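K.L.:
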Amino acid sequence: MRYRWSHVTALMLLAAPLTGQFSGRADVTAGGRYVWHGISRAAGLVAQPSVAAGIQIRKFSLDGGAVLHYELDHVSPGELSESGADGPRLGEVDVWGRASIMLGSARLQSGVVHYTFRGDASAGGLGPARNTTEVYAALTSTSTFNPSLEAWWDVDRVRGAFLRASVDVPIIGWPFPPYVFGFVEGDAGLNLGQGPNPARPLELANFARRGITHVGLGVGAERRASRLPRIGLTTLALGVRSQLDLDDATRINGVGRKRDFLVWLWAGVTVVMGGDMRTLR
Amino acid sequence: MSRLRGVLLGAGSAVAVACAPTRLQVEGRRSPMPQPTTPPVLRAGFARADITPPPGVGLAGNGPEGAESQGYRLRLYARVLVLADGAGNRLALVVADLPLSSALLHRRVAEQTRSVGIGVDRLVIAATHTHAGPGHFFEAAAYNEQGSSVVGFEPVMLDSLTSRIARAVLAAAADLRPARVAWGSRAVWRNTRIRSLPAMLRDVPAPTAPADAPTDLAPEYGLVDPELAMLRVDLRDSVSGAFRPAGAFSIFAMHGTGNANVNDLLDADIHGIVERLLERHIDRDLNRLRDTGFVPRAVFLFANGAEGDVSPAWPPQSRCAVPMLATLPALDGPFTRALWRWRPPPASDLAACRHSAREAVAAVGASVASHAVALFDSLGSALTDRLELGRAFATLSLSDSATALGICSAPAVGMSTVVGAPDAYTRMRGWRLLGLFDIGLKEGSTSRDASGCQAQKRLLVSGLLGHALSKSLPSYAQVMVLRLGNRVIGALPAEVTTTAGRRIRDSMLTAAQEAGLPVTSALILGHANGYVEYVATAEEYAAQYYEGGSTLYGPGEAAMFGRALARLARSITAGDTLPAAAAPPLALVLGHRERLIKRMSLSRAAPPQIDRVWCSGDTLYARFQLGGAWAWPVDSGEVAARARVEVFVSDATRRVVSWDDDPNVEMRLRGRRRGLAWWELRWSGAAGQEYRVRIPYGGAESEPVRCPA
């Protein structure tokens, strides 16, 4: 089996220069909170380095990547933490793969994410019992508001669906290099089957009930930091996110702590290389 | 601790200095007292300089839509005519294939030409306003930093243009020969149109087409100023002693916007075609030169007039769509967000509009050139050896003397400026906040509160930001009135609209006649000796189209320039030197310095090599290595004797059919490696023959390639 995969990989590498374009991306994002699908997984300073690589063949692309979730703060007892440990710790490792196709101004994607939790459950963190896998499909349009609709299906631990709708709206773009963009982003989640399941009472649910889980709104700015001709570009971004929590699971902010409204800051640096990025200004 | 503080302070100061815009004080070198010559006859001299820069510079004039140049099509030249009368008065006219003129460039050139009697007050450097010319040498930070998508002030560009133009002026002055001249003019219809007709129709009295205008013209075509004015110059041949046609100086109002807004090649645009066609006509048809050479011997200076609201007659499909703000799906995974970008229109759309624009450039160029040829020929019977020369020159301190001049004290940009003009709308046109709310980014966007000095102008920014922006805009205007025989010419550092130009001309001519000068006609020479954007009438200003929004110093600007030129027209003199107050030092803010043109010298002169030549349809392609990575096409700035690349028929005649200064040839840089430049030539004129490509300097020659019929 391993032998067969190496053949496939070698064929792809040989065929890629003829038919497709490779690209790579590295991100480091720092923020005041780690929120996933509306659920706060860590409060306090977090850093999330990630890498991704992909190949595009005409309108099709295959991508994959990994992201690490580090908690950088000291965690007091009862505080929301993935690792549950005091001091900087790796709380979660996620790997993902995806196939997508461009259909005019729309992009249709389908992918899979595997979540591995590295925390200490006995200390209030998220341990291996939480590990799971989700598949998803998304339809994104590049019209005025850049709407996106995602359908997530937990196929391992929870076995249920979650929908997320989002918009990305530009506020302003500085037309001269170095380009600066301002944008508003909003999202909302809808739990359809990731709540408690009476048929499987031992299952760890994601949400408390069916319905809208959260509504988020953020404002951000992005600046093209540098461009390396024929290689790629670097961007810097920062912003503020807010979220109205509508499900008991999204309200959790630590042991016995709940919050209906969250605000946090984030900043990130992104390096993208190859593909269209080589000539993008 | 104090040492650390010192280090931090030092580092902070270094950063502040590095980030601060470049400032420069430039002197105004006035002409010395003229020295009479013997015999006291009218003399003239022509020269030209190749000013085509290497690829990588920004194409200025279209703001954010101005591309980074990838090569060149028609080479850019500065053409020079020096006139000298018997009393030793000299005037140097320079018309350069540049997007804008620059007071900084004007003064720097004058420093080098003063030795031959040509200081700032006897030198006119006018730009043809090609939007396919380089930026980075302007007198104001705003134009260096927002003139194109490549931003910054580049001292190498300024120095190189200065030395090339100055050398050409000196060469023309050194080649002064007895001359005969004739003035004439001709109406050119159907090639230009008013691009902001609603603004023009507000003028009082309402504009009307001249009586001799064709009756079938639409209003935007009939209301232009159709005058093509020409000064023909014949020079005495040093061998035969006969006077031969040598060149001409013309003024015609037309924007240099024939190329599509997405053009990415340096190019002389329509003006370049008109110049070359008349020059070839003089060489080939009038002087019967068999070997007309790569560069014509005749020199035609084709300057711009009051073209502020005048477009060439390009078709709508020649204007390309502009980039839109969109997300950039660059490997945005589940945990990372999409980036943002300016998304360009589809490549096929851009190719189509580029092609349409090139067809328009060729058609308008040929049409205007036919009028220029006819006018030149008609002047052959009116030649005279008399041409009275005079000049008046002043430097207006627009901000400091605003009250006395009757204009606003601080320059301001309107919302309609950001939108662009029909020749090249920008990506900001029609943009709405959050996609919903109109914030005035459109033509005719006026202020509700018209009580301030800037009246109807809806300001782009106000308050502290507005104050900061005003510092990046020009605060001086060098104005000049020339007398050339029975014409007075008002040289303005601006783009004057048709009606404003007519009013300024009238006041200038009346003033000159009241002062007793025997002049019969007045002309406006735009884009001369600096750039303060547009000059619209007060009525046009109230409409706040692009020209009104770009009239920096408010609605009184056109009247102010009319008064200034009238005053100068009354004080035209010759045989003297001007007082120092006419040309005080200029304190300029040039913006951030950028190294756009690398300073590289080749350690070894690599011989050129042709890698590949092939045909596809009617286009012949050639890829080759030629010259240094950052070399200018002509290193010295003088004129090349031969082309860099030639295409010739592969038969016994070896007839040259094209070269790298042909409207149908594109020279595109493919890459820079090991200090050398690799190019691709595309010639869209191949037709059923066998061709070869050669590089004359270096002797490289390709194998023959047959192109389909």
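Chains A and B supply the protein sequences, listed in that same order. Offset between the first sequence (1-based) and the numbering used here: plus 362. Offset between the second sequence (1-based) and the numbering used here: plus 3. In this text, a Cβ means the ideal position worked out from N, Cα and C, and glycines have one as well. These numbers were taken from a predicted model, which means no experiment stands behind them.
1) According to the Cβ coordinates, are GLY69 (chain B) and GLY120 (chain B) closer than 8 Å?
2) Closer than 9 Å, Cβ to Cβ, to anything on chain A: give me those residues from the region 415–431 of chain B, in chain order.
3) Is the beta carbon of TRP681 (chain B) less than 8 Å from the beta carbon of ARG598 (chain B)?
4) At the 8 Å Cβ level, is ALA341 (chain B) part of the contact set with chain A, yes or no?
5) Any beta carbon from chain A within less than 8 Å of ALA516 (chain B)'s own beta carbon?
6) What is the rounded straight-line gap between the Cα of ALA531 (chain B) and the Cα of ARG432 (chain B)?
7) Can you tell me whether SER370 (chain B) is helix, strand or coil according to DSSP?
8) In chain B, which residues lie less than 9 Å from VAL429 (chain A) when you measure between Cβ atoms?
9) Quick one: is LYS601 (chain B) buried, meaning 16 or more other Cβ sit within 10 Å of its Cβ, or exposed?
10) Would you mind giving the Cβ-Cβ distance between LEU623 (chain B) and TYR694 (chain B), rounded to the nearest angstrom? I have them listed as a contact below 8 Å.
11) Could you please give me the residues that DSSP links to ASN307 (chain B) through a beta bridge?
12) For MET4 (chain B), count neighbouring C-beta atoms within 10 Å of its own C-beta (all shown protein chains included) and say buried if the count is 16 or more, exposed if not.
13) Which value, in whole angstroms, describes the spacing of the CA atoms of ARG322 (chain B) and ALA427 (chain B)?
14) Beta-carbon within less than 6 Å of GLY630 (chain B)'s beta-carbon, same chain only, minus the 5 sequence neighbours each way: which residues are those?
15) Assuming the contact rule is C-beta atoms closer than 8 Å, LEU684 (chain B) and TYR556 (chain B) should be a hit. Round their C-beta distance to whole Å, please.
16) Measuring only the C-alpha atoms, how far is ALA182 (chain B) from ALA47 (chain B)?
17) To the nearest angstrom, report how far apart THR513 (chain B) and PRO521 (chain B) are at their CA atoms.
18) Assign VAL633 (chain A) to one of three DSSP states: helix, strand, or coil.
19) Helix, strand or coil, according to DSSP, for MET431 (chain B) in the structure here?
20) Count the other CB atoms within 10 Å of the CB of GLU278 (chain B); is the residue buried (16 or more) or exposed (fewer)?
21) Got a sec: is the Cβ-Cβ distance from SER574 (chain B) to anything in chain A below 8 Å?
22) Which two residues bound the contiguous alpha helix (DSSP H) that contains TYR544 (chain B)?
23) Alpha carbon to alpha carbon, how far is LEU161 (chain B) from GLY136 (chain B)? Give it in angstroms, no decimals.
24) Cβ closer than 9 Å: which chain B residues qualify as neighbours of SER385 (chain A)?
25) What three-state label does DSSP hand GLU148 (chain B) in the structure shown?
26) Taking C-beta pairs closer than 8 Å, name the residues in chain B that ALA414 (chain A) reaches, listed in chain order.
27) Would you please verify whether the beta carbon of GLU584 (chain A) is less than 8 Å from any beta carbon of chain B?
28) Using only alpha-carbon positions, find the residue among A:ARG387, A:ILE574, A:VAL413 that is nearest to ALA611 (chain A).
29) Where does THR55 (chain B) land, buried or exposed, given buried means 16+ other C-beta within 10 angstroms?
30) Quick check on this structure: which residue in B:ARG239, B:ARG180, B:TYR80, B:ARG196 has the alpha carbon closest to the alpha carbon of THR165 (chain B)?
31) Residues of chain B with CB under 7 Å from ASP456 (chain A), in chain order?
32) Starting from the beta carbon of ARG329 (chain B), find every residue of chain A whose beta carbon is closer than 7 Å, and list them in chain order.
33) Less than 8 Å between CB atoms is the rule here; does GLN149 (chain B) satisfy it with respect to chain A?
34) DSSP three-state label for ALA378 (chain A), please.
35) So for ILE419 (chain A), helix, strand or coil by DSSP?
36) Check the Cβ-Cβ distances between MET363 (chain A) and every residue of chain B, and say whether any is below 8 Å.
P.N.:
So, to answer that:
1) Contact: no.
2) Taking a C-beta cut-off of 9 Å against chain A, the contacting residues of the region 415–431 of chain B are VAL421, THR429, ARG430, MET431, listed in chain order.
3) No, they are not a contact pair.
4) It does: the Cβ of ALA341 (chain B) has a partner Cβ on chain A nearer than 8 Å.
5) The residue asked about is misnamed: residue 516 (chain B) is Gln in this sequence, not Ala. Answer no: the Cβ-Cβ gap between GLN516 (chain B) and chain A never drops below 8 Å.
6) Computed Cα separation, rounded: 29 Å.
7) SER370 (chain B) falls in the helix class under three-state DSSP.
8) In chain order, GLY336, PRO337, PHE338, THR339 make up the part of chain B whose C-beta sits under 9 Å from the C-beta of VAL429 (chain A).
9) So LYS601 (chain B) counts as exposed.
10) Sure, about 6 Å apart at Cβ, within 8 Å.
11) Bridge partners of ASN307 (chain B) according to DSSP: B:PHE255.
12) Reliability of the predicted coordinates at MET4 (chain B) is poor, the pLDDT of 43 falling under 50, and the value obtained from them is presented with this limitation in mind. Exposed, by the Cβ-count rule.
13) Answer to the nearest angstrom: the Cα atoms are 7 Å apart.
14) For GLY630 (chain B), where only same-chain residues beyond five positions count, the Cβ hits under 6 Å are ALA680.
15) Going by Cβ atoms, the distance from LEU684 (chain B) to TYR556 (chain B) rounds to 46 Å, so no, they are not a contact pair.
16) Distance between the alpha carbons of ALA182 (chain B) and ALA47 (chain B) is about 6 Å.
17) Whole-angstrom Cα-Cα distance: 11 Å.
18) Collapsing the DSSP output to three states places VAL633 (chain A) in a strand.
19) Under the three-state reduction of DSSP output, MET431 (chain B) falls in the coil class, being neither helix nor strand.
20) Burial call: buried.
21) Using beta-carbon distances, SER574 (chain B) does not count as an interface residue toward chain A, since no partner is under 8 Å.
22) Where TYR544 (chain B) is concerned, the enclosing alpha helix (DSSP H) stretches over 541–546.
23) So the two alpha carbons sit approximately 13 Å from each other.
24) Listed along the chain, the chain B residues whose CB falls inside 9 Å of the CB of SER385 (chain A) are ALA333, LEU334.
25) Assignment of GLU148 (chain B) by DSSP, reduced to helix, strand and coil, places it in the helix class.
26) Within 8 Å Cβ-Cβ: LEU334, GLY336, THR339.
27) With respect to chain B, the C-beta atom of GLU584 (chain A) has a partner C-beta closer than 8 Å.
28) Comparing Cα-Cα distances from ALA611 (chain A) to each of A:ARG387, A:ILE574, A:VAL413, the minimum goes to A:ILE574.
29) Looking at its Cβ environment, which holds 16 or more other Cβ atoms inside 10 Å, THR55 (chain B) is buried.
30) Closest by alpha carbon: B:TYR80.
31) The contacting residues are PHE338.
32) This sequence places Ala at residue 329 (chain B); Arg is not what is there. In chain order: THR504.
33) Put simply, the CB of GLN149 (chain B) is near chain A, with a gap under 8 Å to one of its CB atoms.
34) Annotation note: pLDDT 49 at ALA378 (chain A) (below 50); position unreliable, coordinate value reported separately. Correct three-state label for ALA378 (chain A): helix.
35) Three-state DSSP puts ILE419 (chain A) in a strand.
36) Legend: pLDDT at MET363 (chain A) = 46, less than 50; position of this residue unreliable, value from coordinates given subsequently. So, not an interface residue.
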